[in-house]
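Participant:
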Amino acid sequence: DEIKDRGVDLFLCGASGRRFTPRYIERIVHALDPKLIIPTHYDDFFRPLGGPTKFSFNVNLTGFADEVRAAAKDLPLHTLEVGVPVGG
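If you're matching positions, the sequence shown starts at 1495 in the working numbering and goes up one per residue.
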């Protein structure tokens, strides 16, 4: 309700912990009206930085995608390749 600007270009959405906020994806997608959504914070951040990346035990990335599709079926959803720099 406090968001004044809508229609953001990109929403980096935290995927972990979303189950603690009722209808989080549905509510935030409608509030921000993003053109693209990219999930973040789905890795197991308790692992050593130099070790292999693993999913966090409480993140269901497929469920995240399902929730996004239910909220806005035409909203593009992308993931970033682990360890690959983004930008120029």
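By construction, the Cβ of each residue, glycine as well, lies at the ideal position given by its N, Cα and C atoms.
(1) Please confirm whether VAL1580 and THR1547 have their CB atoms less than 9 Å apart.
(2) Residues bridged to GLY1544 by DSSP?
(3) Less than 9 Å between the C-beta atoms of ALA1509 and LEU1555, yes or no?
(4) What separation, rounded to the nearest whole angstrom, lies between the Cα atoms of ILE1531 and LEU1543?
(5) Measuring only the C-alpha atoms, how far is ALA1559 from ALA1565?
(6) Assuming LEU1530 is part of the beta strand (DSSP E), what are its boundary residues?
(7) Between VAL1578 and LEU1569, is the Cβ-Cβ spacing less than 9 Å?
Facilitator: Result, derived from the coordinates:
(1) no
(2) BP columns for GLY1544 are empty, so no partner.
(3) yes
(4) 25 Å
(5) 10 Å
(6) 1530-1534
(7) no
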